[in-house]
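Just below is one structure, and these are the notes that go with it.
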Amino acid sequence: MANEIITVNNLVRHYGKVVAVDDVSFNVKEGELFGFLGPNGAGKSTTINVLCTLLRPTAGSASVNGYDVVKQQNAVRLSIGLIFQDPSLDIELTAYENLEFHARIYNVPSELWRPRGESLMKMVDLWDRRNDLVKTYSGGMKRRLEIARGLIHQPKVLFLDEPTIGLDPQSREHIWRYLTNLREQTGITLFLTTHYMQEAERCDRIAIIDHGKLVALDTPAGLKAMVGGDIITLHTADNEQATQQLRDIFGLEPARENGALRLEVEQGESFMPKVIQGLTVPVTSLSMHRPTLEDVFLNLTGRSIREEEASSKDTMRQWARSRGRER
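The sequence shown: position 271 = 256 (my numbering), numbered continuously.
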């Protein structure tokens, strides 16, 4: 059984009277691909900032790679790599100079970082462009360089904050190919936040946090099993009347989602004709799908992950300007 490389025990964080994180506990296993999902303001960013030593907890404890995030901050920082959501490269430097700068910050000797840097840049297919200024790179190339840079000091845990946001599907797939190969070759632990549910499906386990509390933690399959039956979505000419008829005729309480009514039922295929026949309100459209992680997120938080994508401020970009400074 894999050892636990991240432990969080009864973590609490207050901002004045506001409780951002409320008695959260979870563990991440060594070598695991762990997903961390939550709406804006749910406590996700605060929890991650505690793990990355950007914030001190109000109560509780946490450790990364066996090091206490309060008492052994430098050891924690040496144990982790960070891939920020926002760009963090120096675009006026070459790719190779960015790696060198990062290595010097972490006091990695040149006899170690140079061969390591070459290996990493070859892994992300950038070795031939190592002497080019970063400002000439595409978005996907910059992301790949950030991954190489975040690994130059050989961290045990790599935090990935929306690692493929804004990239085209082909670039996203390339990034995941590199991350998958990296994990297979090194056994590194990957701690992921994402708004792409297909990326979350890759995780071994997913934790969902809302209103400061951990509301679910399981494998993707286990989480989807929580939803239960099939998902029926219907648009009607009068949702208020349709809602009342669904209660009276079928004993169902539909949820509202983007102007539609949403139902969870067993054997959805056989249920759809009954809805059309049973309602006197005209049904303008009707669809069914099996439970997805999107459905789990909606059930647990009351919001769609897509609603969070456009306005997400849940990043770790404070790292570069906030190391060692309390927030």
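Cβ coordinates follow ideal geometry from the N, Cα and C atoms, glycine included.
On the DSSP letters alone, give me the boundaries of the beta strand (DSSP E) that I65 sits inside.
From DSSP, the beta strand (DSSP E) with I65 extends over 65 to 68.
Let me know if R321 comes out buried or exposed under the rule of 16 or more other beta-carbons within 10 Å of its beta-carbon.
The structure shown does not extend to residue 321, since the chain spans only -14 to 312, so no value can be given for it.
How would you label I76, buried or exposed, when you count the other beta carbons within 10 angstroms and need 16 or more for buried?
The residue in question, I76, is exposed, as its Cβ has fewer than 16 Cβ neighbours within 10 Å.
Report yes if the C-beta distance between A80 and H196 is below 8 Å; otherwise report no.
No; because the gap between Cβ atoms is not below 8 Å, this pair is not in contact.
Report the rounded CA-to-CA distance for I68 versus V212, giving the unit in angstroms.
Rounded to the nearest angstrom, the two C-alpha atoms are 32 Å apart.
Nearest-angstrom Cα distance between D233 and T265?
Their Cα atoms are separated by approximately 12 Å.
Taking buried to mean at least 16 other C-beta atoms within 10 Å of its own C-beta, is L278 buried or exposed?
It is buried - the Cβ of L278 has at least 16 other Cβ atoms within 10 Å.
Whose C-alpha, out of S255, P267, I191, F176, is nearest the C-alpha of Q230?
Comparing Cα positions, the closest option is P267.
Assess contact between the region 111 to 129 and the region 184 to 193, defined as three or more Cβ pairs (one per stretch) separated by less than 8 Å. Is contact present?
Judged by Cβ distances under 8 Å, the region 111 to 129 makes no contact with the region 184 to 193, as fewer than three pairs qualify.
Which residues in the same chain as V200 place their Cβ atom closer than 6 Å to its Cβ, once the five residues preceding and following it in sequence are excluded?
Cβ neighbours of V200 beyond the five flanking positions: I193, L285.
Can you check which of these residues, L111, V9, L271, C37, is closest to I217 by C-alpha distance?
Checked all of L111, V9, L271, C37; the closest Cα to I217 is L271.
Specify whether the region 31 to 48 and the region -9 to 5 touch according to this definition: at least 3 beta carbon pairs, one from each stretch, less than 8 Å apart.
Yes, the region 31 to 48 is in contact with the region -9 to 5.
With the cut-off set at 8 Å, would you say D215 and G263 are in Cβ contact?
Not closer than 8 Å, so no.
What are the partner residues of M273, as DSSP defines its beta bridges?
I217, per the DSSP bridge assignment.
When you compare each of R134, D117, M106, R114 to I90 by their alpha carbons, which one comes out closest?
Nearest C-alpha to I90: R134.
Taking the alpha-carbon of I328 as reference, which of L283, N25, P205, I(-10) has the nearest alpha-carbon?
The structure shown does not extend to residue 328, since the chain is modelled only from -14 to 312, so the question has no answer here.
Cα-Cα, which of A60, M257, I261 is closest to H274?
It is M257 whose Cα lies nearest to the Cα of H274.
One question on the structure: do Q58 and T31 come within less than 8 Å of each other, judged by their Cβ atoms?
Their beta carbons are not under 8 Å apart, which means Q58 does not touch T31 by this criterion.
Let me know the secondary structure DSSP gives A206 once reduced to three states.
Helix.
Can you list, in chain order, the residues of its chain whose CB lies under 7 Å from that of R310, leaving out five sequence neighbours each side?
Here R310 scores only 43 on pLDDT, less than 50, and its place in the model should not be relied on; the value that follows carries that caveat. Hits under 7 Å: none found.
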